[in-house]
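Enquirer:
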Amino acid sequence: MRIVATADLHYDITRSREPTRLIAEEICGLEADALLVLGDVAGRDSGIVLEALRLFDRFRGRKFFVAGNHDIWTGPGGDSLDKLERELPAICRQAGFHPLDVEPAVLGHVGLVGSIGWYDFSYRPRQLGIPLRFYEAKIAPGAADRLPGFQHLLADRSDVPEAAFSIGTRWMDGEHTRLKMSDVEFCQRLVDRLSRHLTEVAGQCDPIVVGMHHVPFAELVPATDTPSWAFAGAFLGSDRFGRALLGQPEVRMLVCGHSHRLDRLRCGHIQCINVGCTYLAKRYEVLDL
Ligand SMILES: [Fe+2]
Ligand SMILES: [Fe+2]
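One point on numbering: in our numbering, the residue at position 51 of the sequence shown is 53, and numbering is uninterrupted.
Given below as structure tokens:
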């Protein structure tokens, strides 16, 4: 069984369009049983997701999709959960992709399970000393001090280290993701669903391959000395997903994206790969099972 995986195509971003077209062309020419597209296909405009998925029309195997954080961005009045659970699955089916976020799949003896993943701020870098409320608002103290609408975070500055005011990072999910629940609640909802999907296929498949967008193990968070990048690490994922995966012996392989950094490492019994596409350099991984 041969599975091809890619991620972070960002087809809504001008500099990613040509590299995406080229990698899609190359992938369509491969002999493989399945293709996993692991999130951040586009952004607020779902029409571009459809356009991007259509680039794989000529791929001869089965096609699977997992959403990324950018894919559930919406405009004012939108509903990111509805986009994840209803709108994107409908677009996937229209383009001949199976939406793994809402339904696992069985391909011969192999189980395919997927999740966008999410974050619960447990990866936040404690060494920066930034209070949790800034992560919950997805804005670093330097940016909160500069931009309108965030002064409430600075009503009491006594717990904010001076150096943190030089960090100007904003995590743009804070602007474009509209969930009617906290990030921690959303994260747990997704962990529970992933666990259900794993249990569903575990009885009939061995091995199980898991595709995610966010990273499920802290070991996959890139180490950095740059405070703005360290702040962003809080939004890369959560070990809650990793614990669910480690609880299932049939899970042999985890493929993810989101950090835009190629990584290959083992966590417990699971071989982990981060595909590592950047905005300009697209790539894919070939998994032979
Ligand atoms: Fe991305
Ligand atoms: Fe992402």
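No residue lacks a Cβ here, since even glycine has one placed at the ideal position from N, Cα and C.
Can you tell me whether residue 70 sits near ligand 2, meaning its C-beta is under 7 Å from at least one heavy atom of the ligand?
Expert: Because some heavy atom of ligand 2 lies under 7 Å away, the Cβ of residue 70 counts as near it: yes.
Enquirer: With a threshold of 8 Å on Cβ separation, who are the neighbours of residue 33 within its own chain once the five nearest residues in sequence on each side are excluded?
Expert: So the list reads 4, 62, once near-sequence residues are dropped.
Enquirer: Rounded to whole angstroms, what is the Cα-Cα separation between residue 194 and residue 248?
Expert: Their backbone Cα atoms lie some 14 Å apart in a straight line.
Enquirer: Mind checking who residue 255 pairs with in its DSSP beta bridge?
Expert: Paired residue(s): 211, 273.
Enquirer: At what residues does the beta strand (DSSP E) containing residue 89 begin and finish?
Expert: Segment: none, residue 89 is in no beta strand (DSSP E) and carries neither H nor E.
Enquirer: For the alpha helix (DSSP H) containing residue 50, name the first residue and the last one.
Expert: Here the alpha helix (DSSP H) through residue 50 covers 48 to 56.
Enquirer: Under DSSP, the alpha helix (DSSP H) around residue 22 begins and ends at which residues?
Expert: 16 to 30 is the span of the alpha helix (DSSP H), which, as asked, contains residue 22.
Enquirer: Using only the heavy atoms of ligand 1, determine whether one of them is closer than 7 Å to the beta carbon of residue 12.
Expert: Answer for residue 12: yes, Cβ within range of ligand 1.
Enquirer: From which residue to which residue does the beta strand (DSSP E) around residue 289 run?
Expert: Its beta strand (DSSP E) spans residues 287 to 290.
Enquirer: In terms of alpha-carbon separation, which member of 178, 240, 201 lies closest to residue 140?
Expert: Considering only alpha carbons, the answer is 178.
Enquirer: Whose C-beta lies closer than 6 Å to the C-beta of residue 254 among residues of the same chain, with five residues either side of it excluded?
Expert: Excluding residues within five positions, the ones whose Cβ falls inside 6 Å are 209.
Enquirer: Between the Cα of residue 103 and the Cα atoms of 233, 200, 137, 154, which residue gives the shortest distance?
Expert: If we check each option's Cα against that of residue 103, 200 comes out closest.
Enquirer: Residue 37 to residue 138, Cα distance in whole Å?
Expert: Near 34 Å, if we compare the C-alpha coordinates of residue 138 and residue 37.
Enquirer: With which residues is residue 100 paired in a DSSP beta bridge?
Expert: Partner(s): 66.
Enquirer: Let me check you understand the geometry: is the CB of residue 215 closer than 7 Å to at least one non-hydrogen atom of ligand 2?
Expert: Yes, the Cβ of residue 215 comes within 7 Å of a heavy atom of ligand 2.
Enquirer: Residue 271: beta carbon under 7 Å from a heavy atom of ligand 2?
Expert: For ligand 2, not one heavy atom lies less than 7 Å from the Cβ of residue 271.
Enquirer: Rounded to whole angstroms, what is the Cα-Cα separation between residue 2 and residue 265?
Expert: Outside the displayed span of the chain (3 to 291) sits residue 2, for which this structure offers no information.
Enquirer: Please report the distance separating the alpha-carbon of residue 294 from that of residue 165.
Expert: The structure shown does not extend to residue 294, since the chain is modelled only from 3 to 291, so the question has no answer here.
Enquirer: Could you tell me which residues DSSP pairs with residue 6 in its beta bridges?
Expert: DSSP lists 37, 288 as partners of residue 6.
Enquirer: Which same chain residues, not among the five before or five after residue 18, have their C-beta less than 6 Å away from its C-beta?
Expert: Counting only Cβ-Cβ distances below 6 Å, and skipping sequence neighbours, we find 12, 281.
Enquirer: Consider the C-beta atom of residue 260 and the heavy atoms of ligand 1; say whether any pair is separated by less than 7 Å.
Expert: Correct: residue 260 has its Cβ closer than 7 Å to ligand 1.
Enquirer: If you draw a straight line from the alpha carbon of residue 234 to that of residue 97, how long is it in whole angstroms?
Expert: So the two alpha carbons sit approximately 33 Å from each other.
Enquirer: Is residue 162 helix, strand or coil by DSSP?
Expert: Correct three-state label for residue 162: coil.
Enquirer: Please determine whether the Cβ atom of residue 41 lies at a distance below 7 Å from any heavy atom of ligand 2.
Expert: True, at least one ligand heavy atom lies under 7 Å from that Cβ.
Enquirer: Give the straight-line distance between the Cα atoms of residue 223 and residue 124, rounded to the nearest whole angstrom.
Expert: Looking at the two C-alpha atoms, the distance is approximately 12 Å.
Enquirer: Using the Cα positions of residue 215 and residue 25, report the straight-line distance between them to the nearest angstrom.
Expert: Going by the C-alpha atoms only, they are around 19 Å apart.
Enquirer: For residue 69 and residue 289, what's the separation of their Cα atoms in angstroms?
Expert: Cα to Cα, residue 69 sits roughly 20 Å from residue 289.
Enquirer: Nearest to residue 211 by CA position, among 50, 9, 106, is which residue?
Expert: Ranking the options by Cα distance to residue 211, first place goes to 106.
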